[in-house]
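Note that the protein sequences, when read in sequence, are chains A and B.
Residues 2 to 206 in my numbering are what the first sequence lists, from first letter to last.
Residues 293 to 1128 in my numbering are what the second sequence lists, from first letter to last.
Quick notes on the structure that follows.
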Amino acid sequence: MKGINLEIKASETVAIVGASGSGKTTLLSLLAGLDTPTRGQVFLGPYELTAMDEEQRARVRAEMVGFVFQTFQLLGSLTALENVMLPAELKGERSAADSARELLSRVGLGHRLNHYPNQLSGGEQQRVAIARAFASSARILFADEPTGNLDTTTGLHVIDLIFDLNSEFGTTLVLVTHDHRLAERCMSSVQIASGELVTDVSSAL
Amino acid sequence: MHFELALKLLWRDWRAGELTLLLASLVIAVGTVTTITLFVDRLQHALLNESATFLAADRVISASDPIDPAWLEKADQLGLVRSETLSFLSMVFSEDRAQFTSVKAVDDHYPLRGQLIVSESPFVGGRPIDRGPAAGEVWMESRLFPSLGVAPGDVLDIGVASFPASSVLLKEPDRGGGFSNAGPRVMMHLGDVPATEVVRPGSRLTYRYLFAGAEPALEEFEQWVRPRLGQNERWLGVREGAESIGNALDRAERFLLLGGLLGVVLAGVAIALAAQRYALRHYDHVAILKTIGATPNGIDSIFVIILVVLGLMATLLGSAIGYGTQLGIVSILDPYIPIELPAPGFRGIWLGLVTGFICLLSFALPPLLKLRATDPVRVIRRDLASASVSDRMTYSFALAGTIGLMWWYSADLFLTLLIFSGAVVVVAVLSVVAWLMLRSGRVLGMQAGSAWRLALAGMQRRGGENTLQILVFGLAIMLLLILYLVRTALIAEWQATIPVDAPNHFAINIAPEDVAPIRELFETRGVRAQPLYPMIRGRISEVNGESARERDRRRWRSGERDGDGGPGASSDRNLTFAVDLPDDNKVVSGTWWPNSYDGPAQVSIERSMADSAGLTVGDQLVFSIQGREFPAEVTSIRAVAWDNMQPNFYIIFSPGALDDFPSTYMTSFYLEKDQKLFLNTLLGQHPTMTVIEIDAVIEQIQTIISQVTLAIELVLVLILISGALVLLASIQASMDERFRQHAIIRTLGAGQRLVLGSLAIEFCVLGCFAGLLATLGAEITVFALETRIFELDYEMNPELWLIGPLTGTVLIGVVGIAATLKVVKTPPSTVLRQLA
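Encoded structure:
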């Protein structure tokens, strides 16, 4: 990564696009505070992530960040409901179960609350992951190739779900994808090549 | 805190089977330690109790004069039970015969430990009884009845008093084999002694004060008494009471201790492996938790809670299992152990609990604490190497835990460090050798068929892990081999100490004219006997021109001689002469005289006497025998195997030196139980000789040795179980990688046979290498252990070089294939999906 200067406003939806190995996932990791740059600064809301240690960054993630990953990343040993309850539980909230149940019905999995990830299809797993991402009342959602492991139809369904929930909750969305149709649904998109920002095409909308 | 979350994760992991092996390892560690400690504790107490019967007490003060009454008051204050006996030599008269006997007068409390065995008729029958004769009657040893020509119930005179000989005394616990009790035994009540008027000033008397009670009180009493002991007072503990049993006990304890240590280390390795695997399988979990906001401290607290809950469960379960196993062992052994086992103490349970937690902390905590450092980016990039805090931390935890536990068990820092540094060296050498072996395996494999190539290539690709695995296998097998070898050597040594046909009777006071007829009688009756040795009573009167008595006193005062023992120079001794060095004697200094020696008198002195009396080769002695004095020079010092049950002498003269003195003869011989009536014939024909029966003592020693042997075998079995568990844990730990590899190979079209074949070859080769290493390590360690710790003679074990690799191959081959059969049975797509 070099010479990246990027600002994303609250409630914006931004796509990061680029070829395989261009560095888009690295950029996402840096923005989300999963990783730290050797030089430079990253701010997330009121926080300067680059001035924090892992412990503090984890607290920021718990407070305001949600994730959706290409490989779903559910805890295999927990049920769908328990996976969705996790973020709230980590924050120490008590009534995690009710809102988790609500979210799962919202993503159409109200009937599969007590299924384990390996009993769910890929699309269903991703929907659980989406429910989990919104369960933490996140203010910003990072999605890393959310449809990369899904067939076209299921992928579309998942994308609809993400955008619907996003506007419903008023969340900022940062999306890594190499799918241009997906990028087009965002307000703006950022192209990366060899770790550099190629264009910053603000949406005409 | 994340208590609920931690419990939930724990519960889910448990249901998913992730924790089974970790929990099993922990439970086995705790269970093994608890079982061994409880059992050994009970057995030790039982053996000590049993050995105590050789003293008829827990501790004894033996004295030639009555001891200070203040000592007895002290014993009473400490709550000790006590008893008194008085032994002296006296003539006993029947109507028409007389016999020189060794009288022992006992009070109402005798014996404090063990039992007397009495019978209604000489030599046969017998029933145990807890007290000595009542006032007004005496009990006599079997052989006195024929030699005095009386039957049970007849009246005898001792001094000026008369007593009926009401019962036959077959066995007394503290009879011992010494010659101070040479005469046949008459036992009477202590209260009857004054009436006999045989005890007068100047009589040779032995007072024995017997004490029994709780161990702390006994120890306090010992510490109080020891500094107060005078020249004529000796303190006797269980070990002093029975030298050969003391040695056997010492070694058995050390062995059991060693076994316990190795068991813990094995279980520790199993725990570490299981925890490592658990941690590895949780890196992804932790990464996910972190992306949704779990902090490193939060992760720590989650896994510490999991570990503590797991530890509690494991220690409770392990202790319960250990307690149960120990009870089971005891009940199985009950018919074979004729001694009563005391109730198990709390120490074993406590030790098990603490061991569980120390194992958990030192072996399982470090890998789990590494989880905190998991990089959350791992969620996006799976190929990212698992973050490692520092392997140094893991190892130092494990090392500290192991050393701590070893030290705690053995209470012997030197032994701990010795075993530990030995193990470190062995591990270092073995890892290099294992790595080299793997390399050479690859070279060989290149020419082999495809299952071989697959197996060997796989082994080398995971070279690092496989080196570790060979090391773990090798270590486990090595520890088992060591225990097996040491056990075998110990048992062989014990059995050699007292062979089944060791002489169990001594005959003394044989007149010179009886020597030939007795020799003939032995021969015609087929009794195996040792040579007849001449025996003359005498003492050293001068050492290098100084009075021996003065010299002893001076040395004792100046502290050169121990207060409580060691033979002095001036005491009365049985002297003998011999042409050849007796069996089991070894000259340690100077030289034994030549066969045909016929010069001025020379003497050979036994080593312990030479040490305590301060005699060396070249000292000029003057002997006083039957009122005449004559000089002799010390020309050799001998080591004597005192527990060989044969006639042994402190002082042996060169041939011819004692020709001028009338002597009696002695020998030892072996009689089967059903040959005992031969004694009637022997004593009937030669009434002046004395026979000392030590068959009961020998039987007791053999009983104890077989019990200890049994205990050792049991511990070995327990350790074997731990060892098998380590193997299983180690194979489990490598399972994921194998699953993945073989699933891929099978999707590429490899048949089940090929996969199974390559697995079999891989495990067998690993096992064979491990077995070879184990053999090498075991030989080195056993050499060190046997020569340094157990004081045995080391011998190479050539058969080991076959047994070791073979055991490794078969054991690991079978366990490995059984454990990985699932790899072959599971459809590859399932495996790949699960591992995705």
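Just so you know, even glycine gets a beta-carbon here, dropped at the ideal spot from N, CA and C.
- Using a Cβ distance threshold of 8 Å, B:G1100 and B:G1063 count as a contacting pair.
- Among the CB atoms of chain B, one or more fall inside 8 Å of the CB of A:S78.
- Here DSSP, grouped into helix, strand and coil, assigns A:S23 to coil.
- Against chain A, a Cβ distance below 7 Å from B:K582 picks out A59.
- When beta bridges are read from the DSSP output, A:D145 appears opposite A:V177.
- The beta carbon of B:R930 sits closer than 6 Å to those of N877, V879, S896, E898, all from its chain and outside the five residues before and after it, given in chain order.
- Around the beta carbon of A:S96, fewer than 16 other beta carbons sit within 10 angstroms, so the residue counts as exposed.
- Between the C-alpha atoms of B:Q391 and B:F380 there is a straight-line separation of about 14 Å.
- Contact check for A:N150 against A:Q71 passes: the beta carbons are separated by less than 8 Å.
- Taking 8 Å as the upper bound for CB-CB distance, B:V556 and B:A321 are in contact here, some 7 Å apart.
- Nearest neighbour of B:G323 by Cα position, chosen from B:I1013, B:L462, B:G1105, turns out to be B:I1013.
- Note on B:R846: under 16 other CB atoms within 10 angstroms of its CB, so exposed under the neighbour-count rule.
- The distance from the Cβ of B:F649 to that of B:A567 is about 14 Å, inconsistent with a contact at the 8 Å cut-off.
- Taking the beta carbon of A:E83 as reference, the chain B residues within 9 Å of it are K300, R304, listed in sequence order.
- Scanning its chain for C-beta atoms nearer than 8 Å, with the 5 sequence neighbours on each side dropped, one finds around A:V159 the residues G124, Q127, R128, I131, P147, T148, L151, in chain order.
- Between the alpha carbons of B:T959 and B:R811 lies a distance of about 10 Å.
- By the C-beta criterion, the stretch 476 to 491 of chain B is judged to be in contact with the stretch 446 to 464 of chain B, since at least 3 inter-stretch pairs fall below 8 Å.
- Closest option to B:K968, judged by alpha-carbon separation, among B:F953, B:H978, B:D987, B:F869: B:D987.
- In the displayed model, B:V895 falls within a strand according to three-state DSSP.
- Annotated as proximal: B:F547 and B:L782, with beta-carbon spacing under 8 Å.
- The alpha-carbon separation between B:T868 and B:S928 amounts to approximately 15 Å.
- Under the 8 Å Cβ criterion, the stretch 691 to 704 of chain B does not count as touching the stretch 74 to 89 of chain A, having fewer than three qualifying pairs.
- Close to B:P588, with beta-carbon spacing below 8 Å, are these residues of chain A in chain order: E55, E56, A59.
- Taking every protein chain shown into account, the CB of A:H181 has fewer than 16 other CB atoms within 10 angstroms, so this residue is exposed.
- At a C-beta separation below 8 Å, A:F68 has these neighbours in chain B: T583, I584, V671.
- The C-alpha of B:N972 is placed about 13 Å away from the C-alpha of B:L813.
- P668, V669, V671: these are the residues of the stretch 647 to 671 of chain B whose beta carbon lies less than 7 Å from some beta carbon of chain A, given in chain order.
- The criterion of a C-beta distance shorter than 8 Å is not satisfied by A:G93 and A:S137.
- In the displayed model, B:W885 falls within coil according to three-state DSSP, outside both helix and strand.
- Taking C-alpha positions only, A:I163 is separated from A:S106 by approximately 14 Å.
- Here B:R1045 is exposed. Its C-beta has fewer than 16 other C-beta atoms within 10 Å.
- In terms of Cα proximity to B:V622, the closest of B:F331, B:F941, B:L1051, B:Q977 is B:F331.
- When secondary structure is reduced to three states using DSSP, B:G830 falls in the strand class.
- Note that the C-beta distance between B:L771 and B:L1103 is not below 8 Å.
- Distances from the alpha-carbon of B:V909 to those of B:E964, B:N836, B:F961 put B:N836 closest.
- For the 8 Å CB-CB criterion, B:P465 and B:E429 do not form a contact.
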